[in-house]
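Undergrad:
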Amino acid sequence: DIIPYGNLKKLLDALADATRVASVIVDLQGDVLVGPERFSAFCRLMRDNPATREHCLCATRHLEKTADETRKPCTVECANLNIITACSPIMVNGEHTANWILGHVVKTRVPNNLVRRFAEQNGLPVRETVRAYLSLPLVSEKEFRKTLRLLTLFTSILSDTACKNYLLRQADTEKERLLS
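Under the numbering used here, the residues of the sequence shown are numbered 25 to 204, in order.
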């Protein structure tokens with residue numbers, strides 16, 4: 025409400041297109057506010073499967089909790105498949121109000137037999153899982169850190185803009201109250 029949805033969507037789309045990395049903006053309960061953009065078939069497979077969904081949600085909650093506690097961007101890695109995800113907090117007037125989640129990318133591919141074993145152990149369709157894994161962007165950790173720095177700049181500017189808009193609304197409300 026403080027920043028127009030259309031502006032947030034444009035930023036989300038531009039970041040996803042420029043970096044080939046999926047992203048979404050969520051509130052502090054994890055509900056989607058803007059996006060998701062460029063979410064992968066792999067992510068959908070993981071989120072649709074009861075055996076892997078809880079792990080994904082746990083990793084996302086860990087990211088969000090760390091972002092809330094530190095007020096700084098953070099990352100988490102799925103050790104099984106070398107997949108990295110990141111989170112950058114969005115602050116308004118000093119309060120953590122939302123998170124911009126970034127990922128999934130593969131920093132180094134694991135052999136296909138490990139992906140197949142992961143799929144079998146979790147009751148996932150093996151061929152589809154391997155195909156979806158191989159479609160994830162391969163991004164070095166250095167490049168992902170650059171993308172996270174860009175995201176951090178985005179969230180800092182968003183936070184500053186949101187804070188100014190919030191303070192302007194408060195001032196307008198007070199002005200109206202005094203003139204009434």
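For glycine and all other residues, C-beta sits at the position ideal for the given N, C-alpha and C.
Quick check on the DSSP output: what are the complete alpha helix (DSSP H) runs of length 4 or more inside the stretch 150-201, in order along the chain?
TA: Those alpha helix (DSSP H) runs which fall completely within the stretch 150-201 and span 4+ residues are 150-159.
Undergrad: Decide yes or no for the touch test of the stretch 122-141 against the stretch 150-169: beta carbon pairs closer than 8 Å, at least 3 of them.
TA: Contact holds: three or more Cβ-Cβ distances are below 8 Å.
Undergrad: Please state the DSSP three-state secondary structure of V45.
TA: If DSSP states are grouped into helix, strand and coil, V45 belongs with coil.
Undergrad: Report the three-state DSSP secondary structure of V139 (helix, strand or coil).
TA: V139: helix per DSSP, three-state reduction.
Undergrad: If you pair each beta-carbon of the stretch 62-73 with each one of the stretch 143-156, do three or more pairs fall below 8 Å?
TA: The stretch 62-73 vs the stretch 143-156: in contact.
Undergrad: If you reduce the DSSP assignment to three classes, tell me which class G127 lands in.
TA: In this structure, G127 counts as strand in the three-state DSSP scheme.
Undergrad: Is the stretch 114-122 close to the stretch 135-143, with three or more CB pairs under 8 Å?
TA: Segments in contact, no.
Undergrad: For the beta strand (DSSP E) holding T99, just list the boundary residues, first then last.
TA: Unbroken beta strand (DSSP E) run through T99: 98-102.
Undergrad: Assign Y157 to buried or exposed, taking buried as 16 or more other Cβ atoms, counted over all protein chains shown, within 10 Å of its Cβ.
TA: Per the 10 Å Cβ criterion, buried.
Undergrad: Within the continuous beta strand (DSSP E) that includes L57, where are the two ends?
TA: Looking at the DSSP string, the run of the beta strand (DSSP E) that includes L57 is 56-61.
Undergrad: Under 6 Å Cβ to Cβ from L172, same chain only, skipping five residues before and after it: list those, please.
TA: Same-chain partners within the cutoff: P97, A110.
Undergrad: I'd like to know whether the C-beta atoms of E61 and A46 end up nearer to each other than 8 Å.
TA: Yes, Cβ-Cβ distance for E61 and A46 is below 8 Å.
Undergrad: For A40, which of L57, R201, S64, E198 has the nearest alpha-carbon?
TA: The residue with the shortest Cα to Cα distance from A40 is S64.
Undergrad: With which residues is M115 paired in a DSSP beta bridge?
TA: Per DSSP, H120.
Undergrad: The alpha helix (DSSP H) that contains T94, what's its start and end?
TA: 74-94 is the span of the alpha helix (DSSP H), which, as asked, contains T94.
Undergrad: How should C82 be labelled, buried or exposed, when 16 other C-beta atoms within 10 angstroms of its C-beta is the threshold for buried?
TA: C82 is exposed by the Cβ-count criterion.
Undergrad: Let me make sure I understand the geometry here. Which of E167, G54, C67, C187 has the alpha-carbon closest to that of I27?
TA: Taking only the C-alpha atoms, the option nearest I27 is C187.
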